[in-house]
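Remarks on the structure that follows.
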Amino acid sequence: MYCALIQSKNKMKNNSLIQQLNKIEEDAAKSIESVNSLEELKQFKVKFLARKSEFTAILRSLKDLSKDDRKEVGQKTNEIKQKINESVKLLEKNIKSNSLGDEIDITAPGVKIEEGHLHLTTQAIREIKRIFERIGFYTVKYPEVEWDWYAFGALNFPSDHPARDEWETFFIDKEDVDPKYKKRILTPHTSAGQVREMETGRMPIRMMNISKCPRRQLDVSHVLIHYQFEGLVIDKDITIVHLKGVLDYFVKEFFGPKRKVRIRPYHFRFTEPSFEIDVSCGSCNGKGCRLCKEGWLEIGGAGMVHPKVLENGGIDPEVYSGFAFGWGVERNKIMQEGINIKDIRIIYQNDIRFLKQF
Ligand code: DAH
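Numbering of the sequence shown is given in our numbering, commencing with residue 7 and proceeding in unit increments.
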């Protein structure tokens, strides 16, 4: 009888412990929802699992229970402990990754933010512009959609001349729109600015025309739109000596004081005589290497303005003479850097690994 009484008393104790544990579990689940920081998480752990917690008190009382009850209540305590520990671990990870947490070490070295810089074409355009401005050139801007007349006709190309194809021109109009100006095209070379400049009536002319030139070319040595810079000087008594002086000045400023320049006879419709201009190779100092082959690198074309072109621009060739040159910006920049680029298209592919070197 006494035994049964003790047994039933123990049973009640066991039931109330289970209820207590259920309540702790419920409270913990509710309470963890409002935990937002590592500090709050610490308090949460103290409240539910520390030595003085209700939970630890139950653990301590396990030894007073019968074997069966100890098993049942013990299992429940293990379950709860495991659940709380898992939630704490998960929440700790979330808090740390979502915020800087409470443990920011302000003395730790920071992450360096990479600084960008101007694209190498922009750098080259600015440098070229400054070099020519120092000797009296002024910079102009002419249309990117141009008449056939300014790009070809006025530059002494007969109407059936293959240059329109040679220059890989993009045509906007299929048929001629005007008997003199003909079709509209995308300006394939900056020489199109020559007669436009003459038509302004400015004299003397010291034009620097830097612009985009779209052409139907895309391969390892061509991009669809490249940049050119065009110089045009017109005044009384301008001779090849002036052209040579300007070339020499540019080469020394842009490529370096040790570099030499040479002119080779060539042919263009809008200059007479015409030349190709070379600069001595910076890598081998003119001896010949992989970069240059025979010690020289080609800068581009130049020449004395053809009298017909002057006439087309309303300038009397008996009174005035001049010279012109038109070169590729990217090409000259690459030559300045002295690098061997296998595929020029990399310049515009926005590959930071390439661009950050300049
Ligand atoms: N416009 C020519 C081209 O795109 C280059 C050129 C050659 C420009 C001779 C000139 C020149 O001013 O005199 O290939």
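Every residue gets a Cβ at the ideal spot worked out from N, C-alpha and C, and that includes glycine.
Closest in C-alpha terms to residue 63, from the list 35, 270, 49 and 27, comes 27. The bridge partners DSSP lists for residue 215 are 146 and 236. The C-beta distance from residue 156 to residue 202 rounds to 6 Å, short enough to meet the 8 Å contact threshold.
Straight-line spacing of the CA atoms in residue 293 and residue 287 works out to 8 Å. DSSP, read as helix, strand or coil, puts residue 33 in helix.
For the pair residue 312 and residue 276, the CB atoms are nearer than the 9 Å cut-off.
Sequence-distant partners of residue 226 (beyond 5 residues in either direction) whose C-beta falls short of 8 Å from its own C-beta, in its chain, are 348, 349, 350 and 351. Rounded to whole angstroms, residue 214 and residue 141 show a C-alpha spacing of 11 Å. Taking residue 86 as the centre and dropping the five residues before and after it, the same chain places the C-beta of 27, 30, 31, 34 and 61 closer than 8 Å to its C-beta, in chain order.
Ranking 308, 68, 177 and 175 by CA distance to the CA of residue 253 puts 308 first. Between the ligand DAH and the CB of residue 145, the shortest heavy atom gap is not smaller than 8 Å. Annotation for residue 274: 280, 307 and 309 place their beta carbon closer than 8 Å to its own, counting only its chain and skipping 5 residues before and after. The stretch 233-241 and the stretch 159-177 do not touch, with fewer than 3 CB-CB distances between them shorter than 8 Å. Straight through space, the alpha carbons of residue 123 and residue 101 are spaced by roughly 37 Å. In the three-state reduction of the DSSP assignment, residue 248 falls in the helix class, which pools H, G and I. When DSSP states are grouped into helix, strand and coil, residue 284 belongs to the strand group. In the three-state reduction of the DSSP assignment, residue 343 falls in the helix class. Inclusion of residue 241 and residue 211 in the CB contact set at 9 Å is warranted, their separation being smaller than that value. For residue 350, no alpha helix (DSSP H) run applies, since DSSP gives it neither H nor E. The closest heavy atom of the ligand DAH lies less than 8 Å from the beta carbon of residue 331. Here residue 193 is not bridged, per DSSP, to any residue.
Contact check between the stretch 171-180 and the stretch 131-145: fewer than three CB pairs, one atom from each, fall below 8 Å, which does not count as touching. Counting of Cβ neighbours within 10 angstroms places residue 260 among the buried residues, the total reaching 16 or more.
Straight-line measurement puts the Cα of residue 56 at about 12 Å from the Cα of residue 90. Residue nearest to residue 23 within the set 54, 200 and 76 is 76 (criterion: CA-CA distance).
Look at residue 277: its beta carbon is less than 8 Å from one of the heavy atoms in the ligand DAH.
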